[in-house]
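Colleague: One structure follows; several queries about it will come next.
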Amino acid sequence: MTMGCIYSSVSGWDMFWEAYAAIEKMKLLAKERLQVTANQTYGQTPPPTFSFHERAFHKSVVYAWVLCSSVALALGALMIWHTVLITRGETSIERHINRKEKKRLQKKGKVFRNPYSYGPLGNWKVFLGVERKRHWVTRVLLPSTHPPKGSGLNWDTAPYVPEQKSALLAI
331 MTMGCIYSSV SGWDMFWEAY AAIEKMKLLA KERLQVTANQ TYGQTPPPTF SFHERAFHKS
391 VVYAWVLCSS VALALGALMI WHTVLITRGE TSIERHINRK EKKRLQKKGK VFRNPYSYGP
451 LGNWKVFLGV ERKRHWVTRV LLPSTHPPKG SGLNWDTAPY VPEQKSALLA I
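Taken in order, the sequence shown gives residues 331 to 501; the numbers are from the working numbering.
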């Protein structure tokens with residue numbers, strides 16, 4: 331959807347400027363019409379006016395372009411945010427928890443490592459469900475019905491994290 335909005339905004343740029351210029355011309359003509367009607371003699375013809383359909387069309391084009399561009403910016407920001415989260419192997423809530431845990435351990439002189447992070451590439455492989463090379467085609471490029479790794483409630487920790495009996499983070 332982000333790419334579709336970006337495509338629509340870029341490809342509709344010229345149409346947007348033409349419609350915007352037409353709206354500005356409508357405003358100018360309306361202003362001139364007021365001045366002309368005040369000074370009009372019977373021999374002058376009024377300047378041509380835009381029909382209701384033309385005005386509605388130009389305003390709709392401008393509205394659609396502004397709306398599409400705004401949605402592209404918002405979705406682009408969300409896409410970047412989620413890309414960062416996936417790369418780090420975190421959820422939005424874990425991001426806050428891990429930040430607090432990192433500060434707490436820094437005060438003690440220890441280094442915090444996210445127990446669920448498999449590294450940037452490993453996190454993307456877990457997210458996309460890629461286990462073998464052929465899965466890049468069957469699970470990423472083509473529609474896939476494979477189940478996600480884990481139960482969705484409990485997740486395996488990264489191999490460098492020792493097995494713990496108690497909860498890692500108490501909330």
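Note that CB positions come from ideal geometry on N, CA and C, so glycine has one too.
Decide if A402 is buried, meaning its Cβ has at least 16 other Cβ atoms within 10 Å, or exposed.
Modeller: It counts as buried.
Colleague: With 16 as the cutoff for other CB atoms within 10 Å, does S339 come out buried or exposed?
Modeller: That one is buried.
Colleague: Near L483, what residues of its chain come up, given a Cβ to Cβ distance below 7 Å and the 5 sequence neighbours on each side ignored?
Modeller: The answer is none, since no qualifying residue turns up.
Colleague: For I427 and K455, I'd like the C-alpha separation in whole angstroms.
Modeller: Going from the Cα of I427 to the Cα of K455 covers about 24 Å.
Colleague: I'd like the span of the alpha helix (DSSP H) that includes A394, first residue to last.
Modeller: 382–418 is the extent of the alpha helix (DSSP H) around A394.
Colleague: How far does the alpha helix (DSSP H) with P450 in it extend, from its first residue to its last?
Modeller: Per DSSP, P450 belongs to the alpha helix (DSSP H) from 450–458.
Colleague: Taking all protein chains shown into account, decide if E420 is buried (16 or more other Cβ within 10 angstroms of its Cβ) or exposed.
Modeller: Buried, because 16 or more other Cβ atoms sit within 10 Å of the Cβ of E420.
Colleague: How many Å lie between S381 and M409 at the Cα?
Modeller: Distance between the alpha carbons of S381 and M409 is about 42 Å.
Colleague: Would a C-beta distance cut-off of 8 Å place Y448 and W485 closer than the cut-off?
Modeller: Result no, Cβ atoms of Y448 and W485 do not sit closer than 8 Å.
Colleague: Could you tell me which of G439, K433, L435, L458 sits nearest to I416, measuring between CA atoms?
Modeller: With distances taken between Cα atoms, I416 lies closest to L458.
Colleague: Do L405 and M331 come within 8 Å of each other at the CB atom, strictly closer than that value?
Modeller: Cβ atoms of M331 and L405: closer than 8 Å.
Colleague: Should F442 and V392 be called a contact, given that it needs their Cβ atoms to be closer than 8 Å?
Modeller: Their beta carbons are not under 8 Å apart, which means F442 does not touch V392 by this criterion.
Colleague: If you check the beta carbons only, do I353 and H383 fall under 8 Å apart?
Modeller: No, the pair does not count as a contact, with Cβ atoms beyond the cut-off.
Colleague: With 16 other CB atoms within 10 Å as the buried threshold, where does V470 fall?
Modeller: Exposed.
Colleague: Hey, how far is the Cα of T468 from the Cα of S474?
Modeller: Approximately 7 Å between the Cα atoms of the pair.
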